[in-house]
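Residue numbers (this note's numbering): -14 to 435.
So, in structure tokens, the structure goes:
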């Protein structure tokens, strides 16, 4: 069935439309020569049960259904057919010429229109000088945006009227169009330059760090946002040469410092940063290494190279020949540490190196099990998310406060241990801040008071 099959038909609507105002409904029906009536007569072809039906209407509808006097049409199907029949270009021209804010808002709150058409209509909306929730109209439009795109909103129905609702929407979604739309909304653009840590600031920063934020939005932020937002962009791993150049051209010290930590720096920016020792140290610590870059840095910045998680096994082995304690300790902390080097490093019996190795999640479990034989390694093992579960249970039996605190923070600590640790006021906060415990609480739909 489509809207053409309803042409020249008479429809009895009980209650109200869910998606259209009464005037808009009559306007759209008139286009298709469909007559709408409020009471039944023999000429009625279809009956539709709408929203907010009175008890009398409900009773009458049931009687007519039992008598089978006319076909019943689902309200959502009816409104969807009507919405799909609208000429979008004609409607937009009509809205533009009339400047009818209420009519525009009615369409923005209509769940039946397509997402693409919704974005087109949203660009027409005049936010004025008010914030997202400072006027009734702005509040309704903001809520419509969240209600349309927020997943599982029925589980968090208050989010649509929260000042941080748009931030939660950004964090939840992976749609570039949604993020770009929010980034360009007038109330948010007023927050680009401010340093006030309000809801606008939090929305902007969540967009600046989001994996799905488009290059166009990043360029907009670099052009118009404050230094902190630019710094967040400079810290992204996915910025290309064009974005890097725009960031470099800002000349802002904090932005340049963050950019020098980018692992995918272009050769042009890399060569420019070599003129500064602090930036060179950052590059040695973070940049993706090839033989040429490694050889360039190893004599002056071996300690920084040892922290670089892009360093390959050959380079790691080469650094050990420097026989520098700080280099060895940094390598021991490195999550990319080549496991074949670990036994040799343990032979040196350096306390700081041993602690780093036994707390490093890249250390094989077989080595961690051997480390458990020495009590001095207990704290490091309690911190390590790769420590075998049976060892974590044994560590819980310790009376050392530091070990139990480490277990409270460890995402691999068994949930039953975390429950016990939560009962101790010394560790309660750390357990509640433990991401794995938080996920468990959500999955089990359990709450706690904070």
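From the three backbone atoms N, C-alpha and C, an ideal C-beta is built for every residue, glycine too.
Source: prediction; values computed, not measured.
Item, Value
"Could you check the C-alpha separation between residue 346 and residue 266 for me, to the nearest Å?", "25 angstroms"
"Are there three or more Cβ pairs, one per stretch, closer than 8 angstroms when the segment 161 to 174 is compared with the segment 194 to 208?", "yes"
"Tell me which residue opens and which closes the alpha helix (DSSP H) that residue 422 is part of.", "420 to 428"
"When the Cα of residue 321 is compared with those of 405, 290 and 332, which residue comes out closest?", "290"
"Exposed or buried, what is residue 186 when buried is set at 16 or more other beta-carbons lying within 10 Å of its beta-carbon?", "buried"
"Exposed or buried, which one is residue 184 when buried takes at least 16 other CB atoms within 10 Å?", "buried"
"Please determine, among 313, 414, 234 and 255, the residue with the shortest C-alpha to C-alpha distance to residue 336.", "313"
"Between the Cα of residue 32 and those of 147, 11 and 63, spot the shortest distance and give me the residue it belongs to.", "63"
"Indicate the three-state DSSP secondary structure (helix, strand or coil) for residue -8 in the structure shown.", "coil"
"Excluding five sequence neighbours on each side, which residues of the same chain lie with their C-beta closer than 8 angstroms to the C-beta of residue -8?", "17, 18 and 19"
"Applying the criterion that 16 or more other CB atoms from any shown protein chain within 10 Å of the CB defines a buried residue, is residue 427 buried or exposed?", "exposed"
"Measure the CB-CB distance between residue 327 and residue 352 and report whether it falls below 7 angstroms.", "yes"
"Just grab the DSSP bridge partners of residue -3 for me.", "22 and 32"
"Secondary structure at residue 260, three-state DSSP: helix, strand or coil?", "coil"
"Are residue 248 and residue 273 touching if we call contact CB-CB under 7 angstroms?", "yes"
"Is residue 237 helix, strand or coil by DSSP?", "coil"
"Can you give the Cα-Cα distance for residue 91 and residue 4, rounded to whole angstroms?", "8 angstroms"
"Distance, Cα to Cα, residue 213 vs residue 196?", "18 angstroms"
"Can you tell me the Cα-Cα spacing of residue 73 and residue 106, whole angstroms?", "9 angstroms"
"Going by CA-CA distance only, name the one from 88, 344 and 159 that's closest to residue 8.", "88"
"Need the endpoints of the beta strand (DSSP E) that residue 56 sits in, please.", "56 to 58"
"Note down, in chain order, each residue of its chain lying with its Cβ closer than 7 angstroms to the Cβ of residue 331, except the 5 sequence neighbours on either side.", "339 and 342"
"Determine the DSSP secondary structure at residue 13, reduced to helix, strand or coil.", "helix"
"Give the straight-line distance between the Cα atoms of residue 224 and residue 369, rounded to the nearest whole angstrom.", "32 angstroms"
"So what does DSSP say about residue 411, is it helix, strand or coil?", "coil"
"Identify the continuous alpha helix (DSSP H) that holds residue 184 and give its terminal residues.", "184 to 193"
"Check the C-beta distance from residue 192 over to residue 155 and give it rounded, since I have them as a contact under 8 angstroms.", "6 angstroms"
"From residue -3 to residue 66, what does the alpha carbon distance come to, in whole angstroms?", "16 angstroms"
"Residue ranges of each alpha helix (DSSP H) run of no fewer than 4 residues wholly in the segment 35 to 89, ordered along the chain?", "40 to 52, 60 to 69 and 73 to 83"
"Nearest-angstrom Cα distance between residue 403 and residue 355?", "25 angstroms"
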